[in-house]
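Trainee: Handing you a structure now.
In the numbering used here, the protein residues as written are 205 to 891.
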């Protein structure tokens with residue numbers, strides 16, 4: 205897609221060009237870069253649909269169901285933190301991963317066995333390998349994807365770490381559609397809704413999807429969908445005062461329907477169709493809701509130009525809000541509102557006090573970090589002691605047969621859980637140190653300084669002893685065998701005599717029978733003894749692995765300590781930089797406002813006239829933006845009207861007509877690269 209082909213599209217592009225000129229003249233480089241990044245989207249013909257949601261919401265299963273490739277994407281573990289997993293059409297079918305050498309920075313693209321995708325792109329894979337993977341590409345043949353649609357799977361984002369949010373937000377920079385995934389079996393959480401609010405600033409075309417509809421009834425699923433919309437509305441009300449623009453975006457989202465889906469029913473329908481149960485398959489397929497989602501995605505492909513116009517208008521609206529806020533502050537100062545200057549002066553004084561107390565805040569930070577390091581060692585010992593005691597109880601239990609293979613797997617899982625607990629504890633403690641310090645310095649906290657906690661190396665290399673002894677001990681095995689054979693022989697002779705089989709007994713033959721019978725008893729006792737030996741040996745090995753000189757307790761403690769030290773250094777640099785930058789910023793603003801307050805009446809009058817003129821331009825510009833948003837929304841409402849059918853999306857459509865050349869900036873629009881692309885702006889589009 206090049207330039208817009210419709211009249212409204214060309215008008216939107218001229219409108220965005222005008223804003224580009226305004227922010228360029230104002231020296232707002234951030235806004236300029238965001239608009240120019242959107243401009244690059246117009247040269248891209250494809251449509252990107254990003255699937256985002258909390259962990260274990262069924263995003264990967266949903267993508268598998270959409271393209272009818274059940275088991276293609278790994279579903280037992282979430283997508284790895286730093287990986288974009290994209291599925292698009294092409295031949296030959298293949299799976300490729302992009303890997304980076306962290307020492308040299310060199311990247312390579314490798315084709316892998318599809319069955320090994322989880323090893324490279326999910327949290328269940330070897331984390332040393334996964335850490336080198338930056339992207340995964342799945343190429344398959346599919347009618348929907350053949351129309352230019354790419355499906356992007358992302359890490360969980362609800363109760364997520366900041367790293368997960370950042371990866372998903374980065375994916376949204378290039379997205380045309382956000383498929384926001386929640387579950388029918390769980391209420392939507394506040395963190396999920398906050399992510400949706402943040403994402404809505406970047407993309408307006410959102411499809412709300414609820415998975416696992418098969419676990420509820422029609423009534424409960426409808427109630428759940430209504431609850432999602434209600435919670436979005438509640439969050440909008442909360443944002444009304446501090447962020448009216450976000451409140452408006454959320455209210456529009458609250459009006460959209462929720463597509464109820466079940467990947468399980470879709471897969472069961474496919475299996476029944478393979479068995480020739482056509483009617484049953486059709487009923488289950490309809491109940492799965494997958495065709496409605498496919499239809500929504502197909503409509504987004506068809507309405508790609510309008511989707512991108514809506515997204516562009518969303519960005520235009522966000523930037524306009526920022527400019528209006530800046531000019532309103534200037535107007536207050538011009539009018540002699542001393543509170544503006546007083547606010548800046550008070551903040552400057554607070555800042556100077558903070559800078560003057562530099563030694564003190566460094567001491568506060570040092571004490572907090574020292575307590576964390578001490579506590580980390582104590583917490584590690586406590587967590588691993590709990591692990592050891594748990595398995596000791598299992599080893600000592602007479603009712604549990606020792607399974608070395610199962611033990612190895614369970615121990616690794618226990619260590620992963622222990623590491624997760626420790627990571628959460630340290631993150632919480634560090635956030636507490638940061639928040640109290642930053643609050644005292646009146647600085648905004650920086651999330652994610654600790655980064656992602658990776659499992660220390662070597663944890664999965666636990667010694668796996670399958671056969672602790674194969675020797676047959678003469679004293680313990682042969683002698684009991686002989687004595688037990690004698691006993692069983694006497695019993696056999698006695699029984700034979702009682703039964704009248706022979707009056708003279710069986711002699712040595714009976715002892716042979718006794719040996720045969722007692723052999724099983726000996727082997728059973730030997731197995732029990734070996735299990736006891738294994739249990740003792742495993743307890744010793746486990747204790748050594750956990751608490752030995754080179755044990756896991758040392759690895760855990762070292763990793764946590766190093767991460768804390770690194771984070772402290774980053775925090776100190778951040779505080780220094782922010783204090784310096786903020787002091788300069790405040791001083792610049794203070795000088796400007798002081799000059800306005802002290803200027804002659806004529807100067808203040810002219811400045812006021814200039815500010816009012818700019819506010820008037822921005823108001824007129826916003827009115828034009830709102831008008832264009834309404835027009836594009838109307839077009840999208842028409843495109844997404846009704847419930848789509850599978851037939852509307854099952855076959856590729858003809859190529860789009862060759863669009864006109866990019867629209868040149870008019871006299872009213874300063875020369876600038878025409879921003880394009882879709883990021884946010886539709887309303888009635890249900891997704």
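Ideal Cβ positions, reconstructed from N, Cα and C, are used throughout, including at glycine.
Rounded to the nearest angstrom, what separates residue 773 and residue 741 at their Cα positions?
Mentor: Going from the Cα of residue 773 to the Cα of residue 741 covers about 44 Å.
Trainee: Is it buried or exposed for residue 678, if we count other Cβ within 10 angstroms and need 16 for buried?
Mentor: Because residue 678 carries a pLDDT of 30, less than 50, the predicted location of this residue cannot be relied on, and no value is offered for it.
Trainee: Could you pull out every unbroken beta strand (DSSP E) segment of at least 3 residues lying fully inside the region 381-468, listed in chain order?
Mentor: With a minimum length of 3 residues, the continuous beta strand (DSSP E) runs that stay inside the region 381-468 are 381-387 and 410-415.
Trainee: Report back the beta-carbon spacing between residue 384 and residue 411 to the nearest angstrom; my notes put them in contact at under 8 Å.
Mentor: Right, their Cβ atoms sit about 7 Å apart.
Trainee: In terms of alpha-carbon separation, which member of 402, 521, 389 and 449 lies closest to residue 261?
Mentor: Of 402, 521, 389 and 449, the residue nearest in Cα terms is 389.
Trainee: Please classify residue 448 as buried or exposed, where buried requires at least 16 other C-beta atoms within 10 Å of its C-beta.
Mentor: When all chains shown are included, residue 448 counts as exposed.
Trainee: At the level of alpha carbons, what is the spacing between residue 379 and residue 350?
Mentor: C-alpha separation (whole angstroms): 17 Å.
Trainee: Assign residue 317 to one of three DSSP states: helix, strand, or coil.
Mentor: Of the three classes helix, strand and coil, the one that applies to residue 317 here is coil, per DSSP.
Trainee: Report the rounded CA-to-CA distance for residue 595 versus residue 743, giving the unit in angstroms.
Mentor: One C-alpha to the other measures close to 8 Å.
Trainee: How would you call residue 777, buried or exposed, if buried means at least 16 neighbouring beta carbons within 10 angstroms?
Mentor: Residue 777 should be labelled exposed.
Trainee: For residue 279, tell me which candidate among 455, 270 and 264 has the shortest Cα-Cα distance.
Mentor: If we check each option's Cα against that of residue 279, 264 comes out closest.
Trainee: Nearest to residue 747 by alpha carbon, out of 615, 505 and 427?
Mentor: The residue with the shortest Cα to Cα distance from residue 747 is 615.
Trainee: Starting from residue 288, follow its DSSP beta bridges and name the residues at the other end.
Mentor: In DSSP, residue 288 forms a bridge with 339.
Trainee: Let me know the alpha helix (DSSP H) ranges lying completely inside the region 218-258, each 4 residues or longer, listed in chain order.
Mentor: Taking only runs of at least 4 residues, the alpha helix (DSSP H) segments lying wholly in the region 218-258 are 233-243.
Trainee: Roughly how many angstroms lie between the CA atoms of residue 587 and residue 634, to the nearest whole one?
Mentor: Answer to the nearest angstrom: the Cα atoms are 19 Å apart.
Trainee: Do residue 413 and residue 251 come within 9 Å of each other at the CB atom, strictly closer than that value?
Mentor: Contact flag unset, no.
Trainee: How would you write the range of the beta strand (DSSP E) that residue 962 sits in, first residue to last?
Mentor: Shown here, the chain extends from 205 to 891; a query on residue 962 therefore has no answer.
Trainee: Look up residue 357 in the DSSP assignment and say whether it is helix, strand or coil.
Mentor: In the structure shown, residue 357 sits in a strand (DSSP, three-state: E or B).
Trainee: Have a look at 334, 814, 439 and 216 and flag the residue whose alpha-carbon is nearest the alpha-carbon of residue 302.
Mentor: Selected option, being the one with the closest Cα: 334.
Trainee: Per DSSP, residue 600 is paired with what?
Mentor: Residue 600 is not bridged to any residue.
Trainee: Quick one: measure Cβ to Cβ for residue 455 and residue 437, integer angstroms, because I've assumed they're closer than 8 Å.
Mentor: About 7 Å; that satisfies the 8 Å criterion.
Trainee: Which of the three DSSP states is assigned to residue 279 in this structure?
Mentor: Residue state, collapsed to three classes: coil.
Trainee: Among 266, 258, 481 and 403, which residue has its Cα nearest to the Cα of residue 393?
Mentor: Among 266, 258, 481 and 403, the Cα nearest to that of residue 393 belongs to 258.
Trainee: So does the region 423-430 actually touch the region 468-483, counting three or more Cβ pairs closer than 8 Å?
Mentor: As far as the Cβ criterion goes, the region 423-430 does not touch the region 468-483, which means the pair count is below three.
Trainee: Using the three-state DSSP reduction, which class does residue 311 fall into: helix, strand or coil?
Mentor: Strand at residue 311.
Trainee: Alpha carbon to alpha carbon, what distance is there between residue 409 and residue 440?
Mentor: The alpha-carbon atoms of residue 440 and residue 409 are separated by roughly 18 Å.
Trainee: From which residue to which residue does the alpha helix (DSSP H) around residue 263 run?
Mentor: Per DSSP, residue 263 belongs to the alpha helix (DSSP H) from 263-271.
Trainee: Counting only the same chain and skipping the five closest in sequence on each side, list residues whose C-beta sits under 6 Å from that of residue 521.
Mentor: Correct list, in chain order: 829.
Trainee: Determine the DSSP secondary structure at residue 293, reduced to helix, strand or coil.
Mentor: In the structure shown, residue 293 sits in a strand (DSSP, three-state: E or B).
Trainee: For residue 500, is the classification buried or exposed, using 16 other Cβ atoms within 10 angstroms of its Cβ as the cut-off for buried?
Mentor: Looking at its Cβ environment, which holds 16 or more other Cβ atoms inside 10 Å, residue 500 is buried.
Trainee: Roughly how many angstroms lie between the CA atoms of residue 759 and residue 751, to the nearest whole one?
Mentor: Looking at the two C-alpha atoms, the distance is approximately 10 Å.
Trainee: Residue 737 to residue 619, Cα distance in whole Å?
Mentor: Cα-Cα distance, rounded: 24 Å.
Trainee: What does DSSP give as the partner residue(s) for residue 630 in the beta ladder?
Mentor: Paired residue(s): none; residue 630 is not in a bridge.
Trainee: Could you spell out where the alpha helix (DSSP H) holding residue 485 opens and where it closes?
Mentor: Start and end: 482-492.
Trainee: Any idea if residue 824 is buried or exposed, counting beta-carbon neighbours within 10 angstroms, 16 or more meaning buried?
Mentor: Classification for residue 824: exposed.
Trainee: In the DSSP assignment, what residue or residues form a beta bridge with residue 344?
Mentor: The partner list for residue 344 (beta bridge, DSSP) reads 293.
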